[in-house]
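Trainee: So in UniProt numbering, the last spot in the sequence shown is 686, and the numbers never skip.
Backbone N, C-alpha and C define an ideal beta-carbon position, used for all residues, glycine too.
Encoded as structure tokens, here's the structure I'll be asking about.
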Amino acid sequence: MQKETNKNRRLQEIVGVIALLGGLYLALSLFTYHKWDRSLLTFSITPPKNYGGIVGAYISDIIFSTIGFSGFSIPLFLIIYGIKNIMGKEKNRIHLLGALLFLPSLSMLLHLLAKTMALKIEPLGGFIGLFLSDTFEGLLSSIGAYILSIAIIIVSIILMSPISIFSYFIDKKKEKIDKEKLEDANDHNSGIIINESLHISAPSVKTPVAHKHLKEKPLRETIGNYNIPPIDLLKSAEGMSGPTKEELNIAASGLEKKLSDFGVNGKIRQAHPGPVVTMYEFEPAAGVKINRIVSLSDDLALALKAPSIRIYPIAGKATIGIEVPNNERATVSLKEIISSEIFQRSHSLLTLALGKDIFGNPVVTDLARMPHLLVAGATGSGKSVSINAMIISLLYKATPDEVKMLMIDPKLLELSVYNDIPHLIAPVITGPKEASDALKKMVFEMERRYKLLAEKGARNIENYNKQASQSERLPYIVVFIDELADLMFTAPNDVENAIARLAQMARASGIHLILATQRPSVDVITGLIKANFPARISFQVTSKIDSRTILDAQGAEQLLGMGDMLFMVPGVKIIRIHGAYISDTEVKSVTEFIKAQGAPDYSAFENIVVADEKEKGIDISGDRDEMYQRVIEFAESVGEVSISSIQRRFKIGYNRAARMMELLEEDGLVGPPKGAGKPRDFLRKR
């Protein structure tokens, strides 16, 4: 059997070679045809001018006399036939029928054209064209003969074509319409049709290797005497190709089958591969309830041998999202996000780099708009790495004069590497008592800023800085607390009240909070704190209760860890993000680069003295008491005075020290203000 197959194959190749060479020879003969060469009806003693010789002259004369110029298609047919035989393609008699219809119908059309346009080219249609045109003109008229010849030519082309021409154009149009619908439904994707029902979308940013939005240098490199850290200090992640179309198609079919096994019928319409998970859009059959599908997440995870599966309804579409982990997980590097165009083009100094969404697109957010952020996640879920990524993204965006930071790290480990960077207003705080005092100081700083804003008639820090001189401008302050639970257990009332007050009022003054905890329980994230933090991030948690506590919804317990998060912003649906990774080595490189440019100034923050509880009941309505006389003596001895120096010297709170300064101003004992935090000259001695 095998020998017979090989023999037939060789014969087919031989026929193909003969047909190919014969077609080339015939084409040469036809193109060099000369009517005075020797032929059946012409005798000549001169050598033929035809490049095909006497045989070529005879053959070309017969063809042109019979079918005219349509004979030029015969060598083309032979060449195509030869190539198909050489390539081993199967023969199709329908194609032969099409060729037999094509030749006479084209001859007839050519002869009709010659008569209509009075062309005196004798062999234009040959005697077959002459016979057919005269016959059908008598039967159908000239117009009818034209229509018939053109119709037969079209039919013959359809018969000879390997594909259905009309179906091809219809499918192309349908594909274009489906693609437009897909883009309208989700502007993240560009649909690629794999079969009639499944679309597989490609992310606009495919992989780290071929990142279209990457730029090697940030837009701002040097601001004054400060240099933004170079992007080379960060490392790129290794690129991964991701699942293939065939793998996604097989996975989609398998997912459909598993759902069917559980009694849920429907069709998977789209697949969105991402760096960590692939989201399948499942269109349930009529009568299938959403809650029934959502409740199958654990059963599907077991059936598909996946760590976890997240199922949720997709807003604005008649489909349900089913997120299945990829077999190979890609790492999202912070360098990708910071180098992306969306980060570089952001004008906000408080731009945070978060990671990539499930479509593979970079995700950044503006802390100034949130205006505070609550972060929760179990141990090892990637929470601390994400906090580091946020801090580094701020360091790549703003100078020490533009953004200051206060870091509270009760765990003593995570934030100590940032000690001595010029962006800090105080050393990294580790003790609960010091943390409580620091938060109280931030409340006093907020009150001081509001007074400055009121003096300028500004509604927020942006308007104030536009009106203020260079020396009077106020920097943003971002307060990072890496473990809120430790503070809430040691000084719950003081910490909760300070955080709640800052969260309620500090936005306009340019003070923003980022709180992180590994215990998203109600005794840590109290109702008062939660109400003032509408923007929240949840990493993997241990239970559905914890997920509801942080997000008011389930889903965080089904995350995969290692930076996998859910991001909730008011007015926007919950977004799944794969957090940007930054190593300890990268953090150290960036901080050492920044530390080399200058030392931090802690004096302004240290000079704020927190009022004692006893002092809160003291009447500071304006009495010029013994304390006031001591303040005058102190100012006279040093020649200048400020609110912070009065606080330090006499161990009193901000409100009472500010009242003393007002009394000195009323009595004409001090000069005009020189700027925020600067002492005023003492004018008259007593």
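For LEU683, tell me which candidate among ARG659, GLU633, ASN655 has the shortest Cα-Cα distance.
Mentor: The shortest C-alpha separation from LEU683 is found at GLU633.
Trainee: So, is ARG448 buried or exposed, given that buried needs 16 or more other C-beta atoms within 10 angstroms?
Mentor: Around the C-beta of ARG448, 16 or more other C-beta atoms lie within 10 Å, and the residue is accordingly described as buried.
Trainee: Answer yes or no: do LEU103 and SER70 have a C-beta to C-beta separation smaller than 8 Å?
Mentor: A contact, by the Cβ cut-off of 8 Å.
Trainee: Have a look at ALA376 and VAL385 and give me their C-alpha separation to the nearest angstrom.
Mentor: 12 Å
Trainee: From the DSSP output, which residues share a beta bridge with ILE338?
Mentor: Within the DSSP secondary-structure output, ILE338 pairs in no beta bridge.
Trainee: DSSP on LEU26, reduced to helix/strand/coil?
Mentor: helix
Trainee: Could you check the C-alpha separation between LEU452 and ALA468 for me, to the nearest Å?
Mentor: 10 Å
Trainee: Could you have a look at SER333 and say whether DSSP puts it in helix, strand or coil?
Mentor: strand
Trainee: What three-state label does DSSP hand LEU354 in the structure shown?
Mentor: strand
Trainee: Tell me whether VAL385 sits in a helix, a strand or coil according to DSSP, three-state version.
Mentor: Helix.
Trainee: Nearest chain D C-beta to ASN225 closer than 8 Å, yes or no?
Mentor: Checking the listed chains, one finds no chain D in this structure; it contains a single protein chain.
Trainee: Here's the rule I'm using: 16 or more other beta-carbon atoms within 10 Å means buried, otherwise exposed. How should PRO307 be labelled?
Mentor: exposed
Trainee: For a quick check, are the C-beta atoms of GLY23 and GLY68 less than 8 Å apart?
Mentor: No; because the gap between Cβ atoms is not below 8 Å, this pair is not in contact.
Trainee: Quick check: what's the CA-CA separation for LYS595 versus PRO422?
Mentor: 7 Å
Trainee: Which residue comes first and which comes last in the alpha helix (DSSP H) that contains PRO75?
Mentor: 73-86
Trainee: SER621: buried (16+ other C-beta within 10 angstroms of its C-beta) or exposed?
Mentor: With a pLDDT of 43 at SER621, under the threshold of 50, the modelled position of this residue cannot be trusted; read the value that follows with caution. SER621 comes out exposed.
Trainee: Would you call residue 688 buried or exposed, if buried means 16 or more other Cβ atoms sit within 10 Å of its Cβ?
Mentor: Missing from the structure shown is residue 688; the chain here goes from 1 to 686 and no further.
Trainee: If you draw a straight line from the C-alpha of ALA145 to the C-alpha of THR66, how long is it?
Mentor: Roughly 19 Å separates the two Cα atoms.
Trainee: Does the region 477-485 come close enough to the region 511-518 that 3 or more CB-CB pairs lie under 8 Å?
Mentor: yes
Trainee: Skipping 5 residues on each side, what residues in its chain have a beta carbon closer than 7 Å to that of TYR628?
Mentor: Exclusion of the five residues before and after TYR628 leaves MET660, LEU663 as the residues of its chain whose Cβ lies within less than 7 Å of its Cβ.
Trainee: Let me know if TYR602 comes out buried or exposed under the rule of 16 or more other beta-carbons within 10 Å of its beta-carbon.
Mentor: exposed
Trainee: If distances are taken between C-alpha atoms only, which option among SER637, ILE643, THR585, SER583 comes closest to ALA604?
Mentor: Residue ILE643 is the option with its Cα nearest to ALA604.
Trainee: Let's test the definition: count the other Cβ atoms within 10 Å of the Cβ of PRO570 and tell me whether it reaches 16, buried, or not, exposed.
Mentor: exposed
Trainee: Quick check: PHE533 and LEU296, are their CB atoms within less than 8 Å of each other?
Mentor: no
Trainee: Taking the beta carbon of SER253 as the centre, do at least 16 other beta carbons fall within 10 Å, making it buried, or is it exposed?
Mentor: exposed
Trainee: Any chance the region 327-344 sits against the region 358-367, with 3 or more Cβ pairs inside 8 Å?
Mentor: yes
Trainee: Where do the N-terminal and C-terminal ends of the beta strand (DSSP E) with GLU323 fall, by residue?
Mentor: 320-325
Trainee: How far does the alpha helix (DSSP H) with THR244 in it extend, from its first residue to its last?
Mentor: No residue range can be given for THR244, since it is assigned to no alpha helix (DSSP H) and is classified by DSSP as neither H nor E.
Trainee: Hey, ALA485 and THR526 are a contact pair by Cβ (cut 8 Å); roughly how many whole angstroms apart?
Mentor: Going by Cβ atoms, the distance from ALA485 to THR526 rounds to 12 Å, so no, they are not a contact pair.
Trainee: Could you give the residue range of the beta strand (DSSP E) that holds VAL363?
Mentor: 362-366
Trainee: At which residues does the beta strand (DSSP E) containing TYR602 begin and terminate?
Mentor: Neither: TYR602 is in no beta strand (DSSP E) and is coded neither H nor E.
Trainee: Looking only at its own chain, which residues have a Cβ that is under 6 Å from the Cβ of SER416, when we skip the five neighbours before and after it?
Mentor: VAL428
Trainee: Which residues share a DSSP beta bridge with ASP409?
Mentor: DSSP output for ASP409 lists no bridge partner at all.
Trainee: Once the 5 residues before and after ASN327 are set aside, which same chain residues still bring their CB inside 8 Å of it?
Mentor: Counting only Cβ-Cβ distances below 8 Å, and skipping sequence neighbours, we find PRO243.
Trainee: Quick one: Cα of LEU487 to Cα of PHE539, how far?
Mentor: If I take the Cα positions, the gap works out to 21 Å.
Trainee: Would you say ARG10 and GLY88 are within 8 Å of each other, going by their C-beta atoms?
Mentor: no
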